[in-house]
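> Sharing a structure with you now.
There are 2 protein chains.
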Amino acid sequence: MIDASGWFSEVYPHHGSAFSLKLKAKLHEEQTPFQKIEIYDTEWFGKLMIIDGCTMVSDRDNFLYHEMMTHPVLYTHPDPKRVWVIGGGDCGSLKEVLKHPEVHQAIQIEIDERVTRLAEIHFPDLCSSNQDERAELLFIDGIQWVRDAADQSVDVIIVDSTDPVGPAEGLFNEAFYRDCLRCLGPNGILVQQSESPLFHADLMAAMHATMRKAGFTNTRSFLFPQCLYPSGWWSGTMASQSALTGFREADAAGRPFETAYYNTEIHQAAFATPVFLRKRFADL
Amino acid sequence: MIDASGWFSEVYPHHGSAFSLKLKAKLHEEQTPFQKIEIYDTEWFGKLMIIDGCTMVSDRDNFLYHEMMTHPVLYTHPDPKRVWVIGGGDCGSLKEVLKHPEVHQAIQIEIDERVTRLAEIHFPDLCSSNQDERAELLFIDGIQWVRDAADQSVDVIIVDSTDPVGPAEGLFNEAFYRDCLRCLGPNGILVQQSESPLFHADLMAAMHATMRKAGFTNTRSFLFPQCLYPSGWWSGTMASQSALTGFREADAAGRPFETAYYNTEIHQAAFATPVFLRKRFADL
């Protein structure tokens with residue numbers, strides 16, 4: 001909601017709180033077949049994309065999310081040649097994936113082409129690698145994509161979706177995870193954004209349980225700050241048949257690209273599990 | 285500010301953003317000689333204390349701040365017997381300090397007695413160790429306290445203050461740090477809350493520089509989530525003549541008390557420095 005003095009607020013009704021951003025100008029608004037997309041210029045956070053009333057991405061702090069949804073998983077996999085990004089229409093995750101020379105093919109599967117077309121206009125930096133010859137942008141249903149894809153056809157699947165309501169709901173269930181597992185090659189890893197440790201620890205625990213029920217033998221969450229998302233603290237969760245404890249530390253230390261948040265210390269730190277979360281995960 | 289539908293908002297004017305909490309009831313309001321204190325019951329965060337319009341402490345998420353302002357520094361010092369908490373009137377830091385059996389004396393020096401008296405009523409859990417025979421509660425100016433205190437009379441100084449404006453301003457300057465350094469014994473450590481890495485990286489860098497100018501040879505920041513504070517991401521900064529790399533890991537692993545956030549993994553993780561901060565600190 002936007003009030004009379006130009007503040008956008010995202011209310012977290014189950015957690016009695018809200019985060020607000022001061023807007024400078026509305027740049028775009030449209031209802032797509034899937035969702036309502038709004039683009040604003042803000043006072044301090046740069047450009048801002050809102051989908052169905054939830055903040056998705058800002059110029060100022062997206063580096064945290066995009067770096068953490070990509071580099072930890074890519075430096076955990078021993079040889080990530082083929083990568084899918086499910087969702088991720090702003091292309092920020094795709095851009096980070098393509099920084100890795102070991103990646104031969106990166107396919108982004110976004111259901112709503114308008115997210116990408118608007119990102120190309122309003123977030124050109126996030127889309128600056130879309131012309132990379134290793135990149136392929138598909139605008140189809142990610143659930144259907146993994147259902148139809150060949151066995152062992154990918155090394156890393158990154159699920160960069162909205163919250164588990166609306167179009168993204170089907171990305172958080174056993175059938176989807178089972179399809180992902182079938183598509184993953186040896187040592188393959190699925191990583192998915194898994195909401196706030198402070199607000200959604202139950203969802204995180206349920207996600208681990210569902211991933212294991214789908215056949216993944218190892219699951220592991222990692223944490224990072226994300227000012228724009230509920231509670232300012234966010235998580236990703238990896239699932240694999242391999243141990244998820246491998247870390248190509250020398251490769252990460254010698255990474256041939258710039259980051260703003262990620263380095264080898266941050267990689268290892270992100271996997272530290274607070275006492276209260278360890279208790280939630282104890283029965284898994 | 286509180287709107288007509290019972291939401292309290294703290295606006296971060298320099299960062300075009302705000303965090304809001306849904307209130308259930310106002311429990312208290314008073315103007316002390318130092319500041320305005322308000323206490324509310326909230327919908328999800330439990331009890332909330334606001335000082336001069338800034339959120340100070342809530343039942344729900346204070347464990348993050350209080351554990352991180354105490355256990356990392358106490359398990360970095362080789363033998364912390366004598367501890368001062370400057371500020372910290374809600375007594376949450378004092379309570380965490382007193383969990384350490386190696387601490388023989390813990391003195392809280394809070395300028396505004398009303399903060400503590402109201403915490404005793406509204407945050408009884410945070411004040412549950414105030415009767416510990418090792419604890420002493422003083423209601424005097426912390427700046428004057430360190431100016432008057434004897435050389436080498438303390439092992440750890442914890443500066444648990446409000447933001448560097450108003451009554452707390454004098455806790456962020458060279459003269460204060462110089463007094464702290466004089467009061468600290470061998471291996472002594474000063475630790476101070478140092479605001480948000482995302483919003484206040486300049487302040488953090490300035491704090492490191494000022495601490496070094498005051499004579500501390502080593503300074504080191506650590507990071508943790510804190511939903512209630514600006515950007516949801518917060519920091520503390522340690523200063524010492526010793527290396528600050530010691531960690532009594534076995535003692536921390538075998539700690540004889542409960543925590544909700546802190547453990548040995550979290551201790552080490554908190555010191556990981558993101559690339560953008562490392563660049564800010566590079567010239568120190």
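Keeping their order, the protein sequence lines are chains A and B. Just so we're aligned: the first sequence equals residues 1 to 284 in the working numbering. Just so we're aligned: the second sequence equals residues 285 to 568 in the working numbering. For every residue, glycine included, the Cβ atom is placed at its ideal position computed from N, Cα and C.
Could you give the distance in angstroms between the alpha-carbon of residue 123 of chain A and the alpha-carbon of residue 59 of chain A?
Roughly 8 Å separates the two Cα atoms.
> Taking the alpha helix (DSSP H) that residue 379 of chain B falls in, what are its first and last residues?
376–382 is the extent of the alpha helix (DSSP H) around residue 379 of chain B.
> Are the CB atoms of residue 126 of chain A and residue 90 of chain A nearer to each other than 7 Å?
Yes, Cβ-Cβ distance for residue 126 of chain A and residue 90 of chain A is below 7 Å.
> Mind checking whether residue 357 of chain B and residue 390 of chain B have CB atoms under 7 Å apart?
In this structure, residue 390 of chain B does not lie closer than 7 Å to residue 357 of chain B by Cβ.
> My parser needs the alpha helix (DSSP H) runs of 4 or more residues fully inside the segment 463–509 of chain B; what are they?
The segment 463–509 of chain B contains these whole alpha helix (DSSP H) runs: 485–497.
> Assign residue 450 of chain B to one of two classes, buried (16 or more other C-beta atoms within 10 Å of its C-beta) or exposed (fewer than that).
By the neighbour-count rule (16 or more Cβ atoms within 10 Å), residue 450 of chain B is not buried but exposed.
> Using the C-alpha atoms, what's the distance from residue 168 of chain A back to residue 162 of chain A?
Approximately 6 Å, taken between the alpha carbons.
> Taking 6 Å as the cut-off, is the C-beta of residue 140 of chain A nearer than that to any heavy atom in the ligand NAD?
With respect to the ligand NAD, the structure shown offers nothing to examine, as it has no ligands at all.
> In this structure, does DSSP put residue 320 of chain B in helix, strand or coil?
Strand.
> Taking only the alpha-carbon atoms, compute the straight-line gap between residue 177 of chain A and residue 75 of chain A and give it to the nearest angstrom.
Each residue's Cα considered, the two are about 22 Å apart.
> May I ask you to list the residues that DSSP assigns as paired with residue 321 of chain A?
Nothing in the structure corresponds to residue 321 of chain A, since chain A is present only between 1 and 284.
> Residues in its own chain within less than 7 Å of residue 93 of chain A by CB, not counting five upstream and five downstream?
Contacts found: 66, 69, 70, 85, 158, 160.
> Quickly, what does DSSP pair residue 338 of chain B with across the bridge? List them, please.
For residue 338 of chain B, which the question treats as bridged, DSSP gives the partners B:335.
> Measure from the alpha carbon of residue 79 of chain A to the alpha carbon of each residue in A:54, A:185, A:232, then state which is nearest.
Checking every option, the nearest Cα to that of residue 79 of chain A belongs to A:185.
> List the residues of chain B that residue 45 of chain A touches, going by C-beta distances under 9 Å, in chain order.
Those are 299, 300, 301, listed as they occur along chain B.
> Taking residue 489 of chain B as the reference, which of B:568, B:435, B:523, B:436 has the closest Cα?
Of B:568, B:435, B:523, B:436, the residue nearest in Cα terms is B:568.
> Using a cut-off of 7 Å between C-beta atoms, extract the partners of residue 549 of chain B located in chain A.
Chain A residues near residue 549 of chain B: 272, 273.
> Counting C-beta neighbours from all protein chains within 10 Å, is the total for residue 55 of chain A 16 or more, i.e. buried, or is it exposed?
Buried, because 16 or more other Cβ atoms sit within 10 Å of the Cβ of residue 55 of chain A.
> Where does residue 74 of chain A sit, in a helix, a strand or coil, going by DSSP?
It is helical.
> Do the segment 33–47 of chain A and the segment 297–309 of chain B make contact, defined as three or more Cβ pairs closer than 8 Å?
Because the criterion of three Cβ pairs below 8 Å is met, the segment 33–47 of chain A and the segment 297–309 of chain B touch.
> Taking CB distances under 7 Å as the criterion, tell me whether residue 256 of chain A reaches chain B.
Chain B, which has no Cβ nearer than 7 Å to the Cβ of residue 256 of chain A, makes this no.
> For residue 285 of chain B, which residues from the same chain have a beta carbon less than 6 Å from its beta carbon, with the 5 sequence-adjacent residues on both sides left out?
Same-chain partners within the cutoff: 293.
> Going by CA-CA distance only, name the one from B:399, B:393, B:392, B:394 that's closest to residue 341 of chain B.
That would be B:399, whose Cα lies nearest to the Cα of residue 341 of chain B.
> Let me check understanding here. Comparing Cα to Cα, which of B:507, B:395, B:439 lies closest to residue 381 of chain B?
Nearest C-alpha to residue 381 of chain B: B:439.
> Could you compute how far the alpha carbon of residue 426 of chain B sits from the alpha carbon of residue 456 of chain B?
One C-alpha to the other measures close to 12 Å.
> So, are the CB atoms of residue 368 of chain A and residue 207 of chain A less than 7 Å apart?
This structure does not reach residue 368 of chain A, given that chain A is present from 1 up to 284, and the question cannot be answered.
> How many whole angstroms separate the CB atoms of residue 471 of chain B and residue 526 of chain B, which I take to be in contact at a CB cut-off of 8 Å?
With 8 Å as the limit, residue 471 of chain B and residue 526 of chain B qualify as a contact, their Cβ atoms being about 5 Å apart.
> Give the DSSP bridge partners of residue 28 of chain A, in chain order.
Note: residue 28 of chain A sits in a beta bridge opposite A:39.
> Compute the distance between the beta-carbons of residue 561 of chain B and residue 481 of chain B, then report whether it is under 7 Å.
It is a contact, given that the beta carbons lie within the stated cut-off.
> So that I know if they touch, is there some Cβ in chain B lying closer than 7 Å to that of residue 177 of chain A?
It does not; no Cβ of chain B falls within 7 Å.
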